[in-house]
Amino acid sequence: DSRWQSLLLSEWRSEQDLLREQLREWPERRLEREGWLLKDLEVMRLPDCFGEPVLKCSLRASRGGGGGGSLSPIRAALPFHRFATGDVVTLCSGSTPRLPAWLEDRAPASQAAEGAIEGVVSQR
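Here it is as structure tokens:
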């Protein structure tokens with residue numbers, strides 16, 4: 004029904020406007036605290052799923068060394084975040100949060116993600 008489609012599109016646009024405002028106005032620390040930004044991630048490519056690449060994100064490994072001489076990487080769990088299965092996410096390099104590429108047409112060029120990778124959360 005076109006009425007429902009119109010309502011869903013309106014809701015989606017409102018969410019994107021809110022996202023744009025948050026990335027533009029909120030300090031990085033607030034984005035992290037509210038669960039909308041994860042930093043210092045390490046990305047590992049896993050085998051493809053139905054022809055699509057699969058990436059696994061984790062915090063950068065720290066080296067063990069608590070007296071036992073271990074140098075194996077220790078991976079911590081991801082901190083609090085709001086990303087759920089099915090959410091569209093953007094991974095970008097650098098230290099500044101950027102808008103996803105699909106929002107570029109309404110965003111200043113300085114805030115568009117260059118070389119960003121978009122994907123969908125498949126597992127939390």
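Here this note's numbering is used: the first residue of the sequence shown is 4, the next is one more, and so on.
Just so you know, even glycine gets a beta-carbon here, dropped at the ideal spot from N, CA and C.
Item: Taking Cβ to Cβ, would you say R63 is nearer than 8 Å to E45?; Value: yes
Item: Along the chain, where does the alpha helix (DSSP H) that runs through R36 open and close?; Value: E31 to R36
Item: Please report the straight-line C-alpha distance between E28 and R48, rounded to a whole angstrom.; Value: 33 Å
Item: Should L81 be labelled buried (16 or more other beta-carbon atoms within 10 Å of its own) or exposed?; Value: exposed
Item: Counting pairs of Cβ atoms below 8 Å between the stretch 19-33 and the stretch 84-92, do you hit three or more?; Value: no
Item: I need the DSSP call for S96, collapsed to helix, strand or coil.; Value: coil
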